[in-house]
Amino acid sequence: MKLLITSIDALIDNLTEDYFDGIKEALDYFESLNEDNTVVIISIHQDRLDAIPNDFEKVCVNANYRRGTGLIQYINNKIKINFSDILILGAKEDDLFLAANSKLVLLTADYARENNPDDKLYTYRYGIGILSPARLRYFFEHFLNINNPWYYRLKVDDSTELYGLTNAMTNMELNPDVKAIGNSLKGFLKSGITEFKNPFLIYSLISAYQNHSEFNEINYWGYYPSSTGKENEVLKTFKEVLRKTFSSSRKTDDILIRHKPSAARKNMSAAERISNGCNSEFDTIILNPVYKHLLRGKNVCIIDDYTTHGSSCETVRKLLKKAGVNKIIFIALGKFKVDYKIYDYEIDGDVYKVGYTYKCSGEFTAVRGTINPDYKTNLIESLNHLL
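FYI, in our numbering the residues of the sequence shown are -10 to 376.
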């Protein structure tokens, strides 16, 4: 069962006082996908609800419920629906707050912008942009029923988890469709081929919602810096989409700063990578001083493009633990099928400044995460239109 909550402004053109062209058909299609799928139109104005057709369920809500968590909690208790199965189709600030306060997927009705052209929902570009009712149906076709999509998971320690969205070893992939999708992702992440941007952004976001309770607890979001130290626009975009969706924090500053270039690990052999551990990372990365006194006791998520042995996650883990972070989630958009290496580092000094010291004690411990055998089904069903 899926529940789509929407407002009148996302359905009715204020100029014509009729449905936006194609929107009723898109919502009918949503309800046709499952007999329990339901569209609910909400408003604090009963007269506005009375003035529109009775094609979908309509609910007049208390103004205090319109932006807060009360409405969603009431629905959750009444029909026992998971938060990850509730979507908001929004066209004004009230919809933004309803989605943000309950950490729900927000589909922004860009086709309805003429109703509220200067609304914060549009000017600050929140949510997943839906350019037309046809694109809304496209979303329903490809992304509505993603279930258990993550390729790889590892509980590194009691306070750190690593998620890998896809298998990065495309050269060894036997399924041609999965291989093609993996290569498309690589083209986007490494070569900036933007035609694949929105599908992968949406797939990543909806995948995160399958772990709603964990990502809902994140206070600050960041991404792993490139070896050159230059801003990574692709990862920054992923981070911002997730931050705006899940987090109440308004801080957009990078959490990790590469203060000088580092040797690209892709140019190292496997033996060199293992021997180096996190050394070259600690030599070139600090925590952003603007977060000093903010991270202690908080939960942080860091996004990276690919990880192999886990050195980037280990670097994050040690630096953030030194800063007193409570919980760490590391997301790799691609994970190579190699054992994760846990290193025993001791860090001394101020990790917000250049010059802290580190020492590696003993050998690493190789651990294996859990690989999801069903992830390919989700990947193909959602992204086969890229093939």
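We put the CB at the ideal spot given by N, CA and C, even for glycine.
How big is the Cα-Cα spacing for E162 and L283? 43 Å
Is it true that the CB of L85 sits closer than 7 Å to the CB of L110? yes
Could you name the residues of the same chain whose beta carbon sits closer than 6 Å to that of K255, not counting the 5 residues immediately before and after it, in chain order? none
Could you check whether V230 and L276 sit closer than 7 Å to each other, using their CB atoms as the reference points? no
Between the Cα of V289 and the Cα atoms of T296, F9, Y127 and C302, which residue gives the shortest distance? Considering only alpha carbons, the answer is C302.
DSSP bridge partner residues for L96 (one or two, in chain order): Answer is L78 and I117, bridged to L96.
So the candidates are D166, E6 and K69; which of them puts its Cα closest to the Cα of E103? Taking only the C-alpha atoms, the option nearest E103 is E6.
Return the Cβ separation of K281 and N315 in integer angstroms, given the expectation that the two are a contact with Cβ distance under 8 Å. That belief does not hold up - the Cβ atoms of K281 and N315 are roughly 16 Å apart, past 8 Å.
Pairwise C-alpha distance: S196 and L38: 34 Å
On a CA-only basis, which of T155, I246, I263 and N65 is nearest P362? Give me that one, please. T155
Can you give me the Cβ contacts of S371 inside the same chain, cut-off strictly under 6 Å, excluding the 5 residues immediately before and after it? H131, F132, I135 and Y192
To the nearest angstrom, how far is it from the Cα of L151 to the Cα of L96? 27 Å
A98 versus W210 - alpha carbon distance: 25 Å
Name the one or two DSSP bridge partners that S(-4) has. I31
For E46, which of R239, R126, K81 and L(-8) has the nearest alpha-carbon? Put simply, of R239, R126, K81 and L(-8) the residue whose alpha carbon is nearest the alpha carbon of E46 is L(-8).
When the Cα atoms are used, what is the spatial distance from N74 to E203? Looking at the sequence shown, residue 74 is not Asn but Asp. Looking at the two C-alpha atoms, the distance is approximately 16 Å.
Taking Cβ to Cβ, would you say L178 is nearer than 7 Å to P214? Their beta carbons are not under 7 Å apart, which means L178 does not touch P214 by this criterion.
What three-state label does DSSP hand D2 in the structure shown? strand
What is the DSSP secondary structure of G211, reduced to helix, strand or coil? strand
Check whether G299 and Y329 have beta carbons under 7 Å apart: yes
Considering Cα atoms alone, identify which of N268, I317 and A321 is closest to I292. That would be A321, whose Cα lies nearest to the Cα of I292.
Indicate the three-state DSSP secondary structure (helix, strand or coil) for L283 in the structure shown. DSSP places L283 in coil when its eight states are reduced to three.
Which residues share a DSSP beta bridge with E335? DSSP, once it has assigned bridges, lists K348 as partnering E335.
By Cβ distance, which residues of its chain are closer than 7 Å to N90, with the 5 residues on each side in sequence left out? R56, G57 and T58
When burial is assigned at 16 or more other CB atoms within 10 Å of the CB, is R380 buried or exposed? Because the chain spans -10 through 376 in this model, residue 380 falls outside it and cannot be assessed.
Are the CB atoms of E270 and T304 nearer to each other than 7 Å? yes
I need the straight-line Cα distance from Y345 to A252, nearest angstrom please. 19 Å
Can you name the start and end residues of the beta strand (DSSP E) that F319 belongs to? Residue range K316 to K324 is occupied by the beta strand (DSSP E) that includes F319.
Between F129, Y54 and N66, which lies nearest to L87 when the distance is taken from Cα to Cα? Y54
If I'm right that T234 touches L194 with Cβ under 8 Å, what's the distance once you round it to whole angstroms? 6 Å
Taking Cβ to Cβ, would you say K81 is nearer than 7 Å to D10? no
Mind checking D25: buried by the 16 CB within 10 Å criterion, or exposed? An exposed status is given to D25, since fewer than 16 other beta-carbon atoms sit within 10 Å of its beta-carbon.
Determine whether the beta carbon atoms of V94 and L120 lie at a separation below 7 Å. no
Whole-angstrom C-beta distance between V327 and T354, which should lie under 8 Å: The Cβ separation is near 14 Å, so there is no contact.
Report yes if the C-beta distance between D243 and I369 is below 7 Å; otherwise report no. no
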